[in-house]
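Asks: In the numbering used here, the protein residues as written are 87 to 310.
Note that CB positions come from ideal geometry on N, CA and C, so glycine has one too.
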Ligand code: MN
């Protein structure tokens, strides 16, 4: 056999063995993935659906912003929370709110990751529920009375809330909260920090991270 023919034969054999091996590799890969994801002992955090369609808040918040915010940003908080808890699977049993309500009880090596990502999960799940496609809804009853008592009137509250949100430097949230004595106040938090960690109950919250408005409003936070 000539040298060239020999080389050709060897190359062909290598190629054939690859072709024969590929299907068995693929079927192995397919067999492996469902077993690992189905046999989780604990229920991990999942992305909860929005309470309305992605375009429901238009023209104020556009569909694309809502889609990215929910399926990319909120999903990332869910995934990173699951990752952080992997070493402490008993913590999967807690809700995001339970995890952030006593941050000093968290294992030190995952404390900040849980504050960031359980905060991210809780804040966003809450945020979607305080917005509604029904326009111009106003608080009523006890809440309106408490707002009037604390801020003078509803318009005055809106003014104070907006200016607090505009003064929130960088990425964070602005909140209307109540304390354990049902006293209302407006506060800013940084990053994904939640008022729940400070023993407040959120009543209203606005996400002032740029990802919440940048596609439509760019630098115009006030308009958002
Ligand atoms: Mn956000």
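Looking at residue 298 and ligand 1, is the gap between the Cβ and the nearest heavy atom below 8 Å?
Replies: Sequence index remark: in the chain shown, residue 298 carries index 212 (1-based). Checking the Cβ of residue 298 against ligand 1 gives yes.
Asks: According to DSSP, which residues form a beta bridge with residue 263?
Replies: Taking the first residue of the chain shown as 1, we reach residue 263 at position 177. In the DSSP output, where bridge partners are listed per residue, residue 263 has 271 and 288.
Asks: Among the residues of its own chain, which have a CB less than 6 Å from the CB of residue 166, if the five just before and after it don't count?
Replies: Your numbering for residue 166 matches position 80 in the chain shown. Excluding positions up to five away in sequence, the list reads 203.
Asks: What would DSSP say about residue 256, mapped onto helix, strand or coil?
Replies: Walking along the chain shown from the start, residue 256 turns up at place 170. Coil, per DSSP.
Asks: Please return the same chain residues whose Cβ sits closer than 8 Å to the Cβ of residue 268, not counting the five positions on each side in sequence.
Replies: Taking the first residue of the chain shown as 1, we reach residue 268 at position 182. Contacts found: 232.
Asks: For the candidate residues 135, 143 and 132, whose alpha-carbon lies nearest to that of residue 222?
Replies: Here residue 222 refers to the residue found at position 136 when the chain shown is read from its first residue. Looking at the Cα atoms, 143 is the closest of the given residues.
Asks: Under the assumption that residue 240 contacts residue 291 (Cβ atoms under 8 Å), give the Cβ distance between them as a whole number of angstroms.
Replies: Here residue 240 is taken as the residue at index 154 of the chain shown, counted from 1. Here residue 291 is taken as the residue at index 205 of the chain shown, counted from 1. Going by Cβ atoms, the distance from residue 240 to residue 291 rounds to 17 Å, so no, they are not a contact pair.
Asks: Regarding residue 209 and ligand 1, is the C-beta to nearest heavy atom distance less than 8 Å?
Replies: Locating residue 209 in the chain shown gives position 123, counting from the first residue. The answer is yes for residue 209.
Asks: Taking contact to mean 3 or more Cβ pairs, one atom from each stretch, closer than 8 Å, check whether the region 248-263 and the region 279-296 are in contact.
Replies: Yes: at least three Cβ pairs fall under 8 Å.
Asks: Can you have a look at residue 283 and say buried or exposed, based on whether 16 or more other CB atoms are within 10 angstroms of its CB?
Replies: In the chain shown, residue 283 corresponds to position 197, counting from 1. Buried is the call here.
Asks: Here's the rule: buried if 16 or more other CB atoms are within 10 angstroms of the residue's CB, otherwise exposed. What is residue 209?
Replies: Translated into the one-based positions of the chain shown, residue 209 becomes position 123. That one is buried.
Asks: Please list, in chain order, all residues of the same chain as residue 148 whose beta carbon is under 6 Å from its beta carbon, the five residues on each side excluded.
Replies: Counted from its first residue, the chain shown places residue 148 at position 62. 302, listed in sequence order.
Asks: For residue 193 and residue 138, which I take to be in contact (beta-carbon distance under 8 Å), what is that distance rounded to the nearest angstrom?
Replies: One-based indexing of the chain shown puts residue 193 at position 107. One-based indexing of the chain shown puts residue 138 at position 52. The pair is not a contact, with the Cβ atoms about 37 Å apart (cut-off 8 Å).
Asks: Just the Cα atoms here: how many angstroms apart are residue 254 and residue 310?
Replies: Locating residue 254 in the chain shown gives position 168, counting from the first residue. Locating residue 310 in the chain shown gives position 224, counting from the first residue. Near 14 Å, if we compare the C-alpha coordinates of residue 310 and residue 254.
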